[in-house]
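Please read the structure below before turning to the comments.
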Amino acid sequence: MQGLLLLLSLALSFHRVRTARFSQEPADQSVVLGQRVVLSCVVFNYSGIVQWTKDGLALGIGEDLRAWPRYRVLRLVDVGQYNLEISAAELSDDSLYECQATEAALRSRRAKLTVLIPPDEPVIEGAPEILLTAGVPYNMSCVSRGAKPASVIEWQKDGLPIEGAVSTTEVLPDRKRVTTRSYLPISPVDTDTGKNFTCVATNLAVPMGKRATITLNVHHPPVVTLSIEPRSVLAGERVTFTCQATANPPVMGYKWAKGGVVIQGARESVFVTKADHSFFTEPVSCQVFNAVGSTNVSILVDVHFGPILVVEPKPVTVDLDSDVTLNCKWAGNPPLTLTWTKKGSSMVLSNNNQLYLKSVSQADAGQYVCKAIVPRIGVGETEVTLTVNGPPIISSEAVQYAVRGERGEVKCYIASTPPPDKIVWAWKENVWEKEKGTLSERYTVEQSKLTTQGGVVLSTLTINNVMESDFQSTYNCTAWNSFGPGTMIITLEETEVVPVGIIAGGTVGCSILLILCLLALVLVLYRQRKGSRRGVTLGKPDIKVETINKETHSLEEDSGSVSTATRMVKAMYSPFKDDIDLKQELRSDTLDTRQDYELKDPTNGYYNVRASTHDEGRPASRSMHYSDYRTSGQPGGAAAVVSSGSGAPGATAGPGTPSSLAPGSRAGCYDPRPPSRLSHNSYAQFNTFTRAGQSQQPPPSSGPQTSDFTAECSLLDSTAQLGYENYGYPHYPTFRMGFGPPSLAPLEGGPAYEMYGVGPSVGAGGGTGTPETGLGKYGSSTRFSYTSQHSDYSHRHTQRMQTHV
């Protein structure tokens, strides 16, 4: 029975063992140095002893592990929990941990506890500021020590990531921690001064990383900007160079040079000078110094200048049928235009620096002009001589002249390159091969070289006492050189000598004729200029007299009463009122012109005084005729008058009128009335004036006929220019003007005159020449000037004579 109980007890015990197991085993974990970590272990259906091992070493039994003060077992028997707590983890805690249930012979999986160690603060060599030199490469270094795992280093420049760094790692003696180094190669520039470079070290312990920063101080040579003002100049104008520089450390000095040659005395940042053409090809440089070094900057000036010959062309000599190239090089700004021409010709042969001529002949020899044109600046040209070796060329006149019995010459001009070896003259039976000498005492040969004509050789055959036979012979001039001969046949012809007296006389005659032509031209120009100063063209210089009524009260004071017609008349004649200087200037011309008329007037010929009639019998022609105005010896001073139309048929001349006129005399002739600027109707309106309160109708009368005048006058135009009816104004009485006796003193100075009626007067007998007749007391055929018909004739009026040209 006891044995059965023992077996049953063993079976139950085995059953309990068989049912114990881990419901939770420890897992791999990481912990940051100094932090707390818990490893889990839960055993199901187990109530025995549970312990932890570290790297295979048992840590002990119970909750408090005395040998490991930072370790503690967190036990909950009811649930079978036996967790291991590690506080303030250290690097030594980095191991393999295992949970064991010894009574049940259970062992958990091994769990890896990793202790994470952040890196130390990164260090950049040379921090906080490093002095670098611009353009010199430098490896920037950053070190991150004691990290577990190894840190990763990144670089930033002013907060922006920068690539290109190279890193290395080093394991520390504990074989757990790692030191990382990062190298960033840079090539600093002057603009890097003040820039910040940052090194960032990160690992699992510090995901945000740790930072170190360094500031650059880059020393660099001066950075120079060279400017010019103005940008474009003409040669000879002033130009200003400005050298602006930035440097670290500061600028120590300036140096200027042109074309590599130092400009003495230029030590400032600004250089002012006058630009010439050399500034276009020779740059101006500015060199700036500081403690690090120097910087040199150059600039060319855009100088506008005329053509300048760069390469002087040289004379070229070639053989016949050879090819030749002529060179010419000009400089100018703006770009120039180049032309090649042959001297004396305008044909452009080339527009390049070179002129290529193929298979030249002797006709191609001569001077070639290389011309350069710079637009709006100037023109330059140079000449190059082309010499073509060939046979001599003789350029004399084929016909030459001499005077019989005198000394004559036959000239032979020889152009030869190379110079002629021999020149031979042949004429008649004579042949002359020497350079100079005398043959038969009549012939002499001489040679000379004309340096002014390019070395032309002149061979002259002189003939003393030229005879008839000399004109009948031909003269052969032949020259030789190494390229062959050149020949010319010359004929001598006879000429006569013109006497010196004839030549002198012709010269004097031509000179006198030329002087006369010049004088005539000056006279014509003088008259034209004099006429233009007068400002008016006169068909025939004349002087007319206006009778102007001066009332007690000026009519012009009341502008409202002046009619339009009056204003028109004033406009016509006003330019002549005050032109006293012009009257005096024309005075002599008027006297000269009127001498042909042999007329006499009270002013002794100075004025040709006429007064117009108005409604007396008018000629059919518009041209009015004027009688001779002569002072008679009869009492009253009445002048002899030839009537141009009386108030009645059969009217006779007044006393003192001669019965006939001497042939050839112009007494009694009439000058045509100057053309009026008024129209026909206007003329009729202004030609008659009211002088009485009643109207009188002049009887009809025919105009003067051609037969009424002598043949010498012949002034009456048979063609009517204005009809008589255009002058009709029947309801106005008309008046005439004449010179009165001295007893009738005028109101103004001058000859006495008065106004009297014309035509049949009231109560007057018709047809007589008495003072009561229609001709008036004082005979005259002068005419009134135009005056206003609105004048108040009831007042006493004064009259004066005004002369117009």
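Read left to right, the sequence shown gives residues -19 to -1, 1 to 786 (mature numbering (1 follows the signal peptide of the UniProt record, and there is no 0)). Backbone N, C-alpha and C fix where the C-beta goes; we use that ideal spot for every residue, glycine too.
First and last residue of the beta strand (DSSP E) that includes residue i?
{"i": "residue 283", "result": "283 to 292"}
{"i": "residue 222", "result": "219 to 229"}
{"i": "residue 383", "result": "380 to 383"}
{"i": "residue 27", "result": "No beta strand (DSSP E) contains residue 27, which DSSP labels as neither H nor E."}
{"i": "residue 310", "result": "310 to 314"}
{"i": "residue 136", "result": "133 to 138"}
{"i": "residue 277", "result": "275 to 280"}
{"i": "residue 5", "result": "2 to 5"}
{"i": "residue 162", "result": "159 to 167"}
{"i": "residue 390", "result": "389 to 396"}
{"i": "residue 121", "result": "119 to 128"}
{"i": "residue 237", "result": "234 to 239"}
{"i": "residue 323", "result": "318 to 323"}
{"i": "residue 149", "result": "147 to 152"}
{"i": "residue 260", "result": "Looking at the DSSP string, residue 260 is not in any beta strand (DSSP E), and its letter there is neither H nor E."}
{"i": "residue 64", "result": "62 to 67"}
{"i": "residue 56", "result": "52 to 57"}
{"i": "residue 142", "result": "141 to 143"}
{"i": "residue 11", "result": "10 to 13"}
Over what stretch of residues does the alpha helix (DSSP H) that includes residue i continue unbroken?
{"i": "residue 450", "result": "449 to 452"}
For residue i, does the count of other Cβ atoms within 10 angstroms reach 16, so buried, or fall short, so exposed?
{"i": "residue 135", "result": "buried"}
{"i": "residue 80", "result": "buried"}
{"i": "residue 314", "result": "buried"}
{"i": "residue 167", "result": "buried"}
{"i": "residue 397", "result": "buried"}
{"i": "residue 158", "result": "buried"}
{"i": "residue 309", "result": "buried"}
{"i": "residue 184", "result": "buried"}
{"i": "residue 669", "result": "Confidence at residue 669 is low in this model, with a pLDDT of 39, below 50, so the placement of that residue is unreliable and no value is reported for it."}
{"i": "residue 761", "result": "Since pLDDT at residue 761 reaches only 38, below the 50 mark, its modelled position is unreliable, and no value is offered."}
{"i": "residue 787", "result": "Absent from the structure is residue 787, since the part of the chain shown begins at -19 and ends at 786."}
{"i": "residue 42", "result": "exposed"}
{"i": "residue 230", "result": "exposed"}
{"i": "residue 654", "result": "The pLDDT assigned to residue 654 is 43, lower than 50, so where the model puts this residue is not dependable, and the model offers no usable value."}
{"i": "residue -1", "result": "exposed"}
{"i": "residue 224", "result": "buried"}
{"i": "residue 604", "result": "Reliability fails at residue 604, whose pLDDT of 38 lies under 50, so the model's placement of it is uncertain and the value that follows must be treated cautiously. That one is buried."}
{"i": "residue 371", "result": "buried"}
{"i": "residue 493", "result": "exposed"}
{"i": "residue 25", "result": "exposed"}
{"i": "residue 788", "result": "Here the chain comprises residues numbered -19 to 786, so residue 788 is not present and cannot be evaluated."}
{"i": "residue 82", "result": "buried"}
{"i": "residue 121", "result": "buried"}
{"i": "residue 27", "result": "buried"}
{"i": "residue 32", "result": "buried"}
{"i": "residue 333", "result": "exposed"}
{"i": "residue 717", "result": "Caution is warranted here: a pLDDT of 43 is assigned to residue 717, below 50, making its placement in the model unreliable, and the coordinate value is therefore given only provisionally. That one is buried."}
{"i": "residue 469", "result": "buried"}
Based on the DSSP output, what are the partners of residue i in its beta bridges?
{"i": "residue 210", "result": "221"}
{"i": "residue 404", "result": "460"}
{"i": "residue 413", "result": "406"}
{"i": "residue 359", "result": "355"}
{"i": "residue 507", "result": "Answer is none; residue 507 lacks a bridge partner."}
{"i": "residue 93", "result": "77"}
{"i": "residue 365", "result": "349"}
{"i": "residue 270", "result": "234, 275"}
{"i": "residue 103", "result": "None; residue 103 has no bridge partner."}
{"i": "residue 803", "result": "With the chain represented from -19 up to 786, any question about residue 803 goes unanswered, as that position is not in the structure."}
{"i": "residue 180", "result": "136, 193"}
{"i": "residue 304", "result": "DSSP output for residue 304 lists no bridge partner at all."}
{"i": "residue 198", "result": "112"}
How many whole angstroms separate the CB atoms of residue i and residue j, which I take to be in contact at a CB cut-off of 8 Å?
{"i": "residue 97", "j": "residue 129", "result": "6 Å"}
{"i": "residue 311", "j": "residue 361", "result": "6 Å"}
{"i": "residue 406", "j": "residue 458", "result": "6 Å"}
{"i": "residue 368", "j": "residue 337", "result": "Actually they are not in contact, since the Cβ atoms of residue 368 and residue 337 sit about 17 Å apart, beyond 8 Å."}
{"i": "residue 463", "j": "residue 399", "result": "6 Å"}
{"i": "residue 196", "j": "residue 179", "result": "Not quite, the Cβ-Cβ distance comes to about 10 Å (not below 8 Å), so this is no contact."}
{"i": "residue 434", "j": "residue 404", "result": "Incorrect: roughly 16 Å between the Cβ atoms, too far for contact."}
>> Ignoring anything shorter than 3 residues, give me the beta strand (DSSP E) runs that lie fully in the stretch 423 to 477, in order along the chain.
In response: 424 to 431, 437 to 444, 455 to 462, 465 to 475
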